[in-house]
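Heads up: the structure comes next, in structure tokens.
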Amino acid sequence: GQRVLVVGAGMAGVQTAVRLRERGWPGAITLVGAEPHRPYDRPPLSKAVLTGGTGTAPDTAFDVDFDALGVELILGREATGVRPGDHEVDTDAGPLPYDHLVLATGAEPVALPGGGAGVHLLRTLDDAERLRPVLAARRDVVVVGAGWIGAEFATAAREAGCRVTVVEAADRPLAGVLPPEVSGHMRRWYEEAGVELLTGRAVTRVRFGSAHPCVLELSDGSSLPAWAVLAGIGARPATGWLAGSGVALGEDGSVLADERLRASVPDVYAVGDCASFPSARYGRRLLVHHWDNALTGPRTVASLLTAGEAETPPYDPVPYFWSEQFGRFVQYAGHHDDRDELLWRGDPRGASWSVCWLRDGVLNALLAVGRPRDLTQGRKLIERAAVLDPARAADPSVPLKSA
Ligand code: FAD
9 GQRVLVVGAG
19 MAGVQTAVRL
29 RERGWPGAIT
39 LVGAEPHRPY
49 DRPPLSKAVL
59 TGGTGTAPDT
69 AFDVDFDALG
79 VELILGREAT
89 GVRPGDHEVD
99 TDAGPLPYDH
109 LVLATGAEPV
119 ALPGGGAGVH
129 LLRTLDDAER
139 LRPVLAARRD
149 VVVVGAGWIG
159 AEFATAAREA
169 GCRVTVVEAA
179 DRPLAGVLPP
189 EVSGHMRRWY
199 EEAGVELLTG
209 RAVTRVRFGS
219 AHPCVLELSD
229 GSSLPAWAVL
239 AGIGARPATG
249 WLAGSGVALG
259 EDGSVLADER
269 LRASVPDVYA
279 VGDCASFPSA
289 RYGRRLLVHH
299 WDNALTGPRT
309 VASLLTAGEA
319 ETPPYDPVPY
329 FWSEQFGRFV
339 QYAGHHDDRD
349 ELLWRGDPRG
359 ASWSVCWLRD
369 GVLNALLAVG
379 RPRDLTQGRK
389 LIERAAVLDP
399 ARAADPSVPL
409 KSA
């Protein structure tokens, strides 16, 4: 029989194996992962896992019985290259053959320039385990980056009783993803949580300190001593190991997949955080670093392998993600740009509100804060490219689906 080799045992890799079996893939499936741990889910790492106190952290392992599924799981093994001509993947413990190869190596966090004791990243279970004692000891922490990870970590650190300073290069939180009139309101979330937010200052270097384990040098010439630092300044596809293999990579480091998630060489596919794909819906290539994309992309690959191209529609999702920060449940669906008209549903100074982005009345994207029903309904409306009545959509007492 034919063998599918999946490289990367995170959400996307595990889902690929599970979906293949669900769809009746008859051949062998091998799942290879660099980490030593049983495959686990990442979103809890910046949430419940950090604040679990001094006991053991909640178990975030996926509830999947790999033996029962007939999936060979090889952990603690790192892929180092692919030879498409030979249909082989090289690893740190010898080559592995494949008939079909699924790339699912995810992303790696971007590190700060320089170094020092006490500088942390937050991507893996091991990272989270190293951060738990920092919070338990109520260390003063400096978070670099007011993005999703930075906000969630700051939330957990405040909950644990740490003094928290967040340094952000832009003039407000989430500057890369939301327009100023929306993300401006999030500045208040930091204040209310007792977090000091320093904006407009980039960290140029981290060095060892004498009185503190590290010192952050900032772009305005000042410096900030810290007991512990969390760098939350973004992530890049973990694709360095594919260099020279012939698998085409984009400037952002992503595997350049096609509309059915096939890579540029035969019998190779890519899913999750490591892959970008062309979206007809948005007229551009998307690199999505969110959980839902790691859940749904593998369905396309499993369908291709079991049912073939004619039975497999192009992968063109409405992106979705959520974040839990400063006591709020924040969700976003779709994709907006400056041409869209912004429409408020509710008061952004209140506990729950939403924002819609409309183009010619069509709902393109939605941000919901504490309004999960808006998100569920909005996501379906976005999928259908539904036209909304702006006056009704702006009334938070009217269900979005009736607007
Ligand atoms: P990963 O989960 O990164 O898995 C890839 C795996 O491949 C890793 O285990 C890695 O070790 C392994 N690997 C890498 N290189 C190799 C190699 N050469 N050989 C073998 N194995 C290799 N998304 C949301 O929508 N909502 C959230 O609230 C949210 N919270 C998050 C919180 C944290 C702390 C993090 C880090 C992410 C969060 N995300 C969230 C994003 C979401 O977790 C990711 O989009 C998702 O994990 C992507 O899955 P993946 O399988 O593509 O990649």
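If you read the sequence shown in full-length UniProt numbering, its first letter stands for residue 9, the second for the next number, and so on. No residue lacks a Cβ here, since even glycine has one placed at the ideal position from N, Cα and C.
Check: I believe residue 7 touches S253 by the beta-carbon criterion, under 8 Å. Please report the beta-carbon distance rounded to the nearest angstrom.; Outcome: Within the shown structure, residues of the chain are numbered from 9 to 411, placing residue 7 beyond reach of any answer.
Check: Hey, is H298 close to the ligand FAD, as in C-beta under 7 Å from one of its heavy atoms?; Outcome: yes
Check: For the ligand FAD, any of its heavy atoms closer than 7 Å to the Cβ of P44?; Outcome: no
Check: With a threshold of 7 Å on Cβ separation, who are the neighbours of P105 within its own chain once the five nearest residues in sequence on each side are excluded?; Outcome: R11, H95 and E96
Check: Which class does R46 belong to by DSSP, given the choice of helix, strand or coil?; Outcome: coil
Check: What residues in its chain sit with their C-beta under 7 Å from that of R195, if we drop five residues either side in the sequence?; Outcome: R180, P181 and L205
Check: So the beta strand (DSSP E) T212 belongs to, where does it begin and stop?; Outcome: V211 to F216
Check: Just checking: is the beta-carbon of G354 within a distance shorter than 8 Å of some beta-carbon in chain D?; Outcome: Here there is only one protein chain, and chain D is not present.
Check: Considering only the beta carbon of each residue, do V338 and L351 sit closer than 8 Å?; Outcome: no
Check: Assuming F337 is part of the beta strand (DSSP E), what are its boundary residues?; Outcome: R336 to G342
Check: Have a look at A359 and R379 and give me their C-alpha separation to the nearest angstrom.; Outcome: 9 Å
Check: For my contact list, G114 and G335 are in at a C-beta cut-off of 8 Å; report their separation, rounded to the angstrom.; Outcome: That belief does not hold up - the Cβ atoms of G114 and G335 are roughly 29 Å apart, past 8 Å.
Check: Who are the near neighbours of R213 in its chain, counting only those whose CB is closer than 7 Å to its CB and skipping five residues on each side?; Outcome: P121, G122 and E225
Check: What does a CB cutoff of less than 8 Å around E199 pick up in its chain, not counting 5 residues either side in sequence?; Outcome: L205
Check: Could you tell me whether the Cβ atoms of L111 and Y277 are closer together than 8 Å?; Outcome: yes
Check: Just the Cα atoms here: how many angstroms apart are D403 and G354?; Outcome: 7 Å
Check: Using the DSSP secondary-structure output, state which residues sit across from T99 in a beta bridge.; Outcome: A87 and G102
Check: Does at least one heavy atom of the ligand FAD sit under 7 Å from the Cβ of A115?; Outcome: yes
Check: Over the uninterrupted beta strand (DSSP E) stretch that includes E332, give me the two end residues.; Outcome: Y328 to Q333
Check: So what does DSSP say about Y277, is it helix, strand or coil?; Outcome: strand
Check: Which two residues bound the contiguous beta strand (DSSP E) that contains residue 4?; Outcome: Because the chain in this structure spans residues 9 to 411, residue 4 falls outside the shown range and cannot be described.
Check: Quick check: what's the CA-CA separation for A119 versus G305?; Outcome: 28 Å
Check: Under 8 Å, with one C-beta from each stretch per pair, do the stretch 292 to 308 and the stretch 128 to 144 reach the 3-pair mark?; Outcome: no
Check: Would Q333 and A154 be called neighbours here (beta carbons separated by less than 8 Å)?; Outcome: no
Check: Do the stretch 315 to 327 and the stretch 266 to 277 meet, that is, are 3 or more Cβ pairs less than 8 Å apart?; Outcome: yes
Check: Which full runs of the beta strand (DSSP E) of 3+ residues lie inside the stretch 179 to 210, going along the chain?; Outcome: 204 to 206
Check: How about V175 and L232: are their beta carbons less than 8 Å apart?; Outcome: yes
Check: Quick one, which of P356, R400 and R367 has its alpha-carbon nearest P188's?; Outcome: P356
Check: The alpha helix (DSSP H) that contains L58, what's its start and end?; Outcome: A56 to T59
Check: Exposed or buried, what is R215 when buried is set at 16 or more other beta-carbons lying within 10 Å of its beta-carbon?; Outcome: exposed
Check: Under 8 Å between the Cβ atoms of L28 and A310?; Outcome: yes
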